[in-house]
Each structure stands twice: as C-alpha cells, then as structure tokens.
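S.K.: Just add 1 to the spot in the sequence shown (first one is 1) and you have this note's numbering.
All residues carry an ideal CB built from backbone N, CA and C; glycine is no exception.
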Amino acid sequence: MAIRDIIKYPSKVLKVKAKPVSVVGDEEKALIKDMWDTMYFTKGIGLAAPQIGVSKRIAVINVTGDKKDELVVINPEIVKRSGRCDIEEGCLSVAGVNAHIDRYKNITLKYLDISGQVRKLQASDILAIVIQHELDHLNGMLFIDRINSLKRKLLMWRSKVGVKSSQRRRKI
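1. For residue 167 and residue 81, what's the separation of their Cα atoms in angstroms?
2. Answer yes or no: do residue 14 and residue 8 have a C-beta to C-beta separation smaller than 8 Å?
3. Between residue 143 and residue 95, how many whole angstroms is the CB-CB distance? I'm expecting something under 8 Å.
4. Could you give the first and the last residue of the continuous beta strand (DSSP E) run that contains residue 119?
5. Alpha carbons only, please: which of 67, 101, 106 is nearest the one belonging to residue 86?
6. Using three-state DSSP, classify residue 72 as helix, strand or coil.
7. Using 8 Å as the Cβ pair cut-off and three pairs as the minimum, do the region 19 to 26 and the region 109 to 125 touch?
8. I think residue 41 touches residue 75, with their Cβ atoms under 8 Å apart; what is that distance to the nearest whole Å?
9. What's the C-alpha gap between residue 103 and residue 133?
10. Would residue 62 and residue 88 qualify as a contact pair, given that the criterion is a beta-carbon distance under 8 Å?
11. If I measure Cβ to Cβ from residue 30 and keep anything under 8 Å in the same chain, skipping five residues before and after, which residues do I get?
12. Just to confirm my understanding: we take residue 5, look at its own chain, exclude 5 residues before and 5 after, and list those with CB closer than 7 Å. What are they?
13. Relative to the C-alpha of residue 59, which residue among 67, 139, 151 is closest?
14. Among the residues of its own chain, which have a CB less than 6 Å from the CB of residue 122, if the five just before and after it don't count?
15. If I measure Cβ to Cβ from residue 131 and keep anything under 7 Å in the same chain, skipping five residues before and after, which residues do I get?
16. Compute the Euclidean distance between the alpha carbons of residue 174 and residue 127, then round it to the nearest angstrom.
17. I'd like the span of the beta strand (DSSP E) that includes residue 113, first residue to last.
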C-alpha cells in the first residue's frame, strides 16, 4: 500500500479515456489499496485511477468516511438516470477550483466489484453525483469541462491568484 501522487490539471493524462479492466487480479487489488490510501490521505471522497496516472476503469468512493460505506467500481456504466440537481464540486486534480455542475440526481450503475462480480447499484444525491464525477475522469473529462470556457478561465485565474472560496470543501 502506498500514497500515490495526484495528477494535476492541465496534464494530458486526465484527458484520455481509461481502458476497461478484463480481469480483477492481484495488480488491480493492489492498485485499489493504493487508491484508498491516496484518497483518504488527500481527504477526498472519490478517486479514479487516471488521477494517479493509471489508465484503468476503476474508481473508489466513500462519501461518509465510514469504512463500511467504501465502494469500488470497476468498468462502471450508468444504465438509468433521472432528475437533475446543481451542486458545487471540487476535484483533487483541479486544486482550488469549485464550480456548480448540473448532474443527475438519481442513477442506476452497473459495475464489477473487487471480486469481479457484476453488480447494480441505485444511487441518489451526493453518492450519485460523486459516481458521475468519477465516471467523467474515466472518460477523460474533468468537471471544469462541463462549464463554459469563459467561466472556466475565470475560475482558473482565481485559483492562480489565490482567491479562495468562503467555505472549506471536501474534494471529489
């Protein structure tokens, strides 16, 4: 187990679609342990493998901080979605930037678990939002790609000159 470096924007690694996992073996399980260590160390609530420079469709999520709520999704795919919500997001790979993003409020996710078994999960609210955020990473997209270019430039400028948000936020 190890804490890995988080790949930061504007690295091109973050813009590449991750490769599907064909077999969940020892290498993937070791990667997942490193992802948990890295996510908890950085005080995140979600982390996708591309954020640590690994092109695999794997994400780890824990929105409560309680170990019993840990979720590992491998080759995730949203099969159903409904409702809309707008929430302010941040990202470990885009330090110091937060923006309101329009997401689905409810989703049904099909994925492989750490044992390689196919699972389905119905998620809503913050869990659904974090799952969508991590799937964006697996598809080579960042949350800032979902906002218009002028607003994105303003947010990036603010982060460079040190304009801080008034609230401390946990990063997805």
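M.R.: Reading it off the structure:
1. In this predicted model, residue 167 has a pLDDT of only 45, less than 50, meaning its place in the structure is not dependable; the value taken from the coordinates is given anyway. Across the structure, residue 167 and residue 81 are spaced so that their CA atoms are roughly 35 Å apart.
2. Against a cut-off of 8 Å, the Cβ pair of residue 8 and residue 14 comes out as a contact.
3. For a cut-off of 8 Å, the C-beta gap from residue 143 to residue 95 is around 6 Å, short enough to register as a contact.
4. That run of the beta strand (DSSP E) goes 119 to 125.
5. The residue with the shortest Cα to Cα distance from residue 86 is 106.
6. Residue state, collapsed to three classes: strand.
7. Result yes; three or more Cβ-Cβ pairs closer than 8 Å.
8. Cβ atoms of residue 41 and residue 75 stay farther apart than 8 Å, at about 19 Å.
9. Between residue 103 and residue 133, the C-alpha separation is close to 11 Å.
10. It is not a contact, given that the beta carbons lie outside the stated cut-off.
11. 115.
12. So the list reads 35, 39, 53, once near-sequence residues are dropped.
13. Nearest option by C-alpha distance: 139.
14. Closer than 6 Å at Cβ, skipping near neighbours: 110.
15. Once the five neighbours on either side are set aside, the close Cβ partners of residue 131 are 46, 47, 62, 64, 173.
16. In the structure as shown, the chain starts at 2 and stops at 173, and residue 174 therefore has no counterpart that could be examined.
17. Residues 95 to 113.
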